[in-house]
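Counted the way numbering that gives the first Met the number 0 counts, the sequence shown spans residues 0 to 860.
C-beta: ideal position from N, C-alpha, C; glycine also.
All values reported here derive from a predicted model rather than from experimental measurement.
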Amino acid sequence: MTRQPQQTTQFLADYRPFPFLLSETRLDFELGPHATLVRADLSLTPRDVSKVEDLVLDGGKEVALRSLRIDGTEPDPVHVSRDDETLRIAAAALPRTAFTLSTEVSIDPAANTAFEGLYMSGGMYCTQCEAEGFRHITFYPDRPDVMATFRVSIRSDMPVLLSNGNPVENRDGMAEWHDPWPKPSYLFALVAGKLVAVSDRFTTRSGREVALNVWVRPGDQDRAGFAMESLIKSMRWDEQVYGREYDLDVFNIVAVDDFNMGAMENKGLNIFNSKLVLASPETATDADYERIEAVIAHEYFHNWTGNRITCRDWFQLCLKEGLTVFRDQQFTSDMRSAPVKRIEDVRALRARQFREDQGPLAHPPRPDHYEEINNFYTATVYEKGAEVIGMLKRLVGDDGYARALDLYFDRHDGQAATIEDWLKVFEDATGRDLAQFKHWYTDAGTPRLTMAEDWDADANRLTLTFTQDTPPTPGQADKPARVIPIAVGLIGRNGDEVLPTRMLEMTEARQSFDFDGLGARPVVSALRGFSAPVMLDRPLDDATRAFLLAHDTDPFARWEAGRDLALSALTALSQGREAGADFVDAIGRLAGDDSADPAFRALCLTLPGDEDVATRLTAQGVTPDPDAIHAAREGLARRVAEAHGDLLAAIHDRMRVDGPYSPDAAAARRRSLRIAALGLLNRIDGGDRARVLFGSAGNMTERMAALICLIRRGRAASALSALEDEFGDNRLVMDKWFSVQVMAAPPAEAVATARSLSERQDFDWKNPNRFRALLGGLAGNHAGFHAADGSGYDFTADWLMRMDRANPQIAARMSTAFETWPRYDATRRARALAALQRIAAMEGISRNLREMVSRMIAAGA
Ligand code: B3K
Ligand code: ZN
Numbered sequence: 000m001t002r003q004p005q006q007t008t009q010f011l012a013d014y015r016p017f018p019f020l021l022s023e024t025r026l027d028f029e030l031g032p033h034a035t036l037v038r039a040d041l042s043l044t045p046r047d048v049s050k051v052e053d054l055v056l057d058g059g060k061e062v063a064l065r066s067l068r069i070d071g072t073e074p075d076p077v078h079v080s081r082d083d084e085t086l087r088i089a090a091a092a093l094p095r096t097a098f099t100l101s102t103e104v105s106i107d108p109a110a111n112t113a114f115e116g117l118y119m120s121g122g123m124y125c126t127q128c129e130a131e132g133f134r135h136i137t138f139y140p141d142r143p144d145v146m147a148t149f150r151v152s153i154r155s156d157m158p159v160l161l162s163n164g165n166p167v168e169n170r171d172g173m174a175e176w177h178d179p180w181p182k183p184s185y186l187f188a189l190v191a192g193k194l195v196a197v198s199d200r201f202t203t204r205s206g207r208e209v210a211l212n213v214w215v216r217p218g219d220q221d222r223a224g225f226a227m228e229s230l231i232k233s234m235r236w237d238e239q240v241y242g243r244e245y246d247l248d249v250f251n252i253v254a255v256d257d258f259n260m261g262a263m264e265n266k267g268l269n270i271f272n273s274k275l276v277l278a279s280p281e282t283a284t285d286a287d288y289e290r291i292e293a294v295i296a297h298e299y300f301h302n303w304t305g306n307r308i309t310c311r312d313w314f315q316l317c318l319k320e321g322l323t324v325f326r327d328q329q330f331t332s333d334m335r336s337a338p339v340k341r342i343e344d345v346r347a348l349r350a351r352q353f354r355e356d357q358g359p360l361a362h363p364p365r366p367d368h369y370e371e372i373n374n375f376y377t378a379t380v381y382e383k384g385a386e387v388i389g390m391l392k393r394l395v396g397d398d399g400y401a402r403a404l405d406l407y408f409d410r411h412d413g414q415a416a417t418i419e420d421w422l423k424v425f426e427d428a429t430g431r432d433l434a435q436f437k438h439w440y441t442d443a444g445t446p447r448l449t450m451a452e453d454w455d456a457d458a459n460r461l462t463l464t465f466t467q468d469t470p471p472t473p474g475q476a477d478k479p480a481r482v483i484p485i486a487v488g489l490i491g492r493n494g495d496e497v498l499p500t501r502m503l504e505m506t507e508a509r510q511s512f513d514f515d516g517l518g519a520r521p522v523v524s525a526l527r528g529f530s531a532p533v534m535l536d537r538p539l540d541d542a543t544r545a546f547l548l549a550h551d552t553d554p555f556a557r558w559e560a561g562r563d564l565a566l567s568a569l570t571a572l573s574q575g576r577e578a579g580a581d582f583v584d585a586i587g588r589l590a591g592d593d594s595a596d597p598a599f600r601a602l603c604l605t606l607p608g609d610e611d612v613a614t615r616l617t618a619q620g621v622t623p624d625p626d627a628i629h630a631a632r633e634g635l636a637r638r639v640a641e642a643h644g645d646l647l648a649a650i651h652d653r654m655r656v657d658g659p660y661s662p663d664a665a666a667a668r669r670r671s672l673r674i675a676a677l678g679l680l681n682r683i684d685g686g687d688r689a690r691v692l693f694g695s696a697g698n699m700t701e702r703m704a705a706l707i708c709l710i711r712r713g714r715a716a717s718a719l720s721a722l723e724d725e726f727g728d729n730r731l732v733m734d735k736w737f738s739v740q741v742m743a744a745p746p747a748e749a750v751a752t753a754r755s756l757s758e759r760q761d762f763d764w765k766n767p768n769r770f771r772a773l774l775g776g777l778a779g780n781h782a783g784f785h786a787a788d789g790s791g792y793d794f795t796a797d798w799l800m801r802m803d804r805a806n807p808q809i810a811a812r813m814s815t816a817f818e819t820w821p822r823y824d825a826t827r828r829a830r831a832l833a834a835l836q837r838i839a840a841m842e843g844i845s846r847n848l849r850e851m852v853s854r855m856i857a858a859g860a
């Protein structure tokens, strides 16, 4: 351990089952903004009647207990005790058999600015219970392995009253719901408000009729259709690909404006951040549409991977999240383009998860201790969790994967499972020993893989020798070798494929693989499809990279070759060396290759971000200079534009999509290439094309792209005010408006821009989306956030402290802006550390933020 565990540290090794069984939960809500009464009846049975233990229920200090009864009788007060987090009833007061515990409490939803538990948002009531929000509603064994059926009644003057499961009764001012599927408290949900529904129906493959509703505020109905289409596609896909059917008579989705994350998979009642539901061509970009489709699918897929089979404890979070991300990635691949989706996912993985793994916040997909579980909804648990499943699938093959998943659903339906259970179904279904594979779950850090080639001309044999090594991470110094699936293909010098993809299985720290019977020395295409989440280091000259960019038959490896070429140029340029000629040439050839998917070309034309360059430099042991990186990137983009201006202009014109906007993949692909070309041309046309496009485009995708170009050229004033006039009362558009101004600002102006935007009336900072727009925009401006004078750090620290008092989850999450601080120069490090220490010293700091900053500060010790 590199840090002192706090008293509140939870350890995986301490798991023990709850000493009571809970069969049914009955809840009765009488809603009031400042006083909501919650009556709960819990049907409990001691697990071991010969040794009844104290009954300890979770309950936050704002939950006011009004009455407590056991089988209808008040226990002697000496047997009942309360602290800030629990309610304890001594064993002496409990029957030796099944009993009903009844409580009545009162809570204050309108005062709940943390948006955890029951809270009010824009005049409606809603809940967020994962991970430990239910304890802010009532006293309960608030842990995922306690599963019960729920019967819920709601009394309120709101017209729409929703909870989980099937509706039982609905009359004026009262509704009753019953959820027949046992579930943990984190999946409980309640919504009450003035809402309208966009409705449809779905018939499952075994004939169950399901009523589907997407609930939004009156006036937003015309922006909810795409979410409904996405839901129907998801339901069909899960039946076809995983054989999973929906299991209730209704499926409700509700859009809310104040929501800490993207969405939540509550049983039968998914609650969404409105930005992941509402979309129209005028307000949402192609990327928004793709994200809505993916998140609707993700939450829906949780119905099986998460709800029917849940997690034994929160250490197992990646059991549901890694698998559900993996499933939503497969879904998007099927709906859109598989190669493009793979490249996008790897880009995101590197930008978020590799970044996390390289710094003080590194942790394994299955951590073994935490202070605050909400701090572990990370890229490692989600995205790396999904990569680990992708590797499993590669190792056991598609059939093995399908058999293992069938067994998983069969064996664990209705249970709260563990990573061990998950690996066991793969072992039982395929006969493979996964003991070594398990390190992917328990060990943190990104393995570094090196590859050396040896060509024996006499024997016509190629030998590839790999070594693997995983750098130390907080609390984990030495790591054993892992199983690494390495997909390799060989390409002849004429560009033909000599050997189609073969999966090598590396299990040792150093291992060689021979390829015999080759006519001539081939070019190696390695780690095809990004077959494992590792950093591959191979000595490769720029000419060979350019060759692979032109000829590799694996789209991921092809893109990767171009990206490596760009990174090698950018890292050199940022250190003052001449570079980039090969990249500029090769990218021109690729841009003009009309046989390639436009979205793929767009990805290749998008230069790695400043942050990617900083990460690459750090991996090479070089201290990144944010300003030099920014200048290098601008310079290289300009050179591409100067060299290929005519071609890019032709692409920009040809990729125009005529006719009414459609968010489908085919049209989106063309727009993405068009925009990529525009971004480069913007470096040499002074912003003229962007100005024309901003004025003429009928969709937000192109307008936003044009706006970003104009901001970069310092010509955005009129575009910004036009957008504000048109969309001033549309929160989602205004979030973009806030964000891009900071994100795309010239780095020297980023902090000042953020500061002046933060002074506006409509900087409603308690709204998580608005806060994220501004602070996330700044964190996304690499050289701006890392301004040498520390102003980016100070500005961010001030806001994190302010936010922590209202909403600790958001403050903790946004504090990750600092997670890379140890990689920079001494001046920046000192300023970042001072900002972190200032936060740590804050009086009344939340457990959430305290855990984050103390882990980050520990890296400097
Ligand atoms: N399970 C939720 C995330 C809950 C986050 C709690 N801090 C959304 C999802 O992953 O689908
Ligand atoms: Zn999820």
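THR323 has its Cβ nearer than 6 Å to a heavy atom of the ligand ZN. Contact annotation: PRO446 and VAL533 have beta-carbon atoms nearer than 7 Å.
The straight-line gap separating the alpha-carbon atoms of THR72 and ARG25 is approximately 18 Å. Residue pairing by DSSP puts GLY192 in a beta bridge opposite VAL159.
Residue environment analysis places ALA601 among the buried positions, since at least 16 neighbouring C-beta atoms fall within 10 angstroms of its C-beta. Ranking ARG170, HIS135, ALA174, ARG200 by CA distance to the CA of ILE153 puts ALA174 first.
Sorting PHE149, ARG670, TYR660 by C-alpha distance to the C-alpha of GLY697 places TYR660 at the top. In this structure, the C-beta of TYR376 approaches the ligand B3K to less than 6 Å from one of its heavy atoms. At a cut-off of 6 Å, the beta-carbon of MET260 counts as near the ligand B3K: some heavy atom of the ligand is closer than that. Around the beta carbon of VAL167, fewer than 16 other beta carbons lie within 10 angstroms, which makes this residue exposed.
As computed with DSSP, ASN251 is found in a beta bridge with ASN212, LEU268. Residue pairing by DSSP puts ALA415 in a beta bridge opposite THR309. In the structure shown, PHE546 falls within a helical segment according to DSSP collapsed to helix, strand and coil. Here the segment 109-124 does not lie against the segment 81-94, with fewer than 3 beta-carbon pairs under 8 Å apart. Burial is judged here by how many other beta carbons sit within 10 angstroms of a residue's own beta carbon; ASP171 has fewer than 16 and is exposed.
Taking 7 Å as the cut-off, the beta carbon of PHE582 is found closer than this to the beta carbon of ALA565. Annotation for ALA283: MET699 place their beta carbon closer than 7 Å to its own, counting only its chain and skipping 5 residues before and after.
For SER332, the enclosing alpha helix (DSSP H) begins and ends at 316-334. Taking LEU277 as the centre and dropping the five residues before and after it, the same chain places the C-beta of VAL215, ASP219, ARG222, ALA223, ALA226, ALA254, ALA283, LEU731 closer than 8 Å to its C-beta, in chain order. Per DSSP, reduced to three states, the secondary structure at ASP657 is coil, with no helix or strand assignment. Listed in chain order, the beta strand (DSSP E) elements of length 3 or more contained wholly in the segment 4-80 are 19-29, 35-45, 54-57, 63-69. Counting every other CB atom within 10 Å of its CB across the protein chains shown gives ASN212 a total of 16 or more, marking it as buried. Per DSSP, the continuous alpha helix (DSSP H) segment holding PHE794 begins and ends at 790-805. Inter-segment contact for the segment 236-249 and the segment 287-304 is present: three or more beta-carbon pairs are separated by less than 8 Å. Relative to the non-hydrogen atoms of the ligand B3K, the Cβ of GLU292 never comes closer than 6 Å to any of them. For ASN373, the shortest C-beta to heavy atom distance toward the ligand B3K is below 6 Å. The secondary-structure analysis by DSSP pairs TYR369 across a beta bridge with GLN9. Note on GLN315: 16 or more other CB atoms within 10 angstroms of its CB, so buried under the neighbour-count rule. When distances are taken from the beta-carbon of GLU386 to the heavy atoms of the ligand ZN, even the shortest one reaches 6 Å or more. When DSSP reads this structure, ILE844 sits in no beta bridge, so it has no partner.
For the alpha helix (DSSP H) assignment, the uninterrupted runs of no fewer than 4 residues enclosed by the segment 605-643 are, from N- to C-terminal side, 609-618. Exclusion of the five residues before and after ARG668 leaves SER336, VAL339, ASP596, PRO597, ALA598, ALA601 as the residues of its chain whose Cβ lies within less than 8 Å of its Cβ. Separation of the CB atoms of ALA753 and PHE794 is rounded to 6 Å, and the pair is thereby assigned contact status at 8 Å. In the structure shown, THR203 falls within a coil segment according to DSSP collapsed to helix, strand and coil. The Cβ atoms of PRO807 and LEU835 lie no closer than 7 Å to each other. Distance from the C-beta of MET173 to the nearest heavy atom of the ligand B3K is not below 6 Å.
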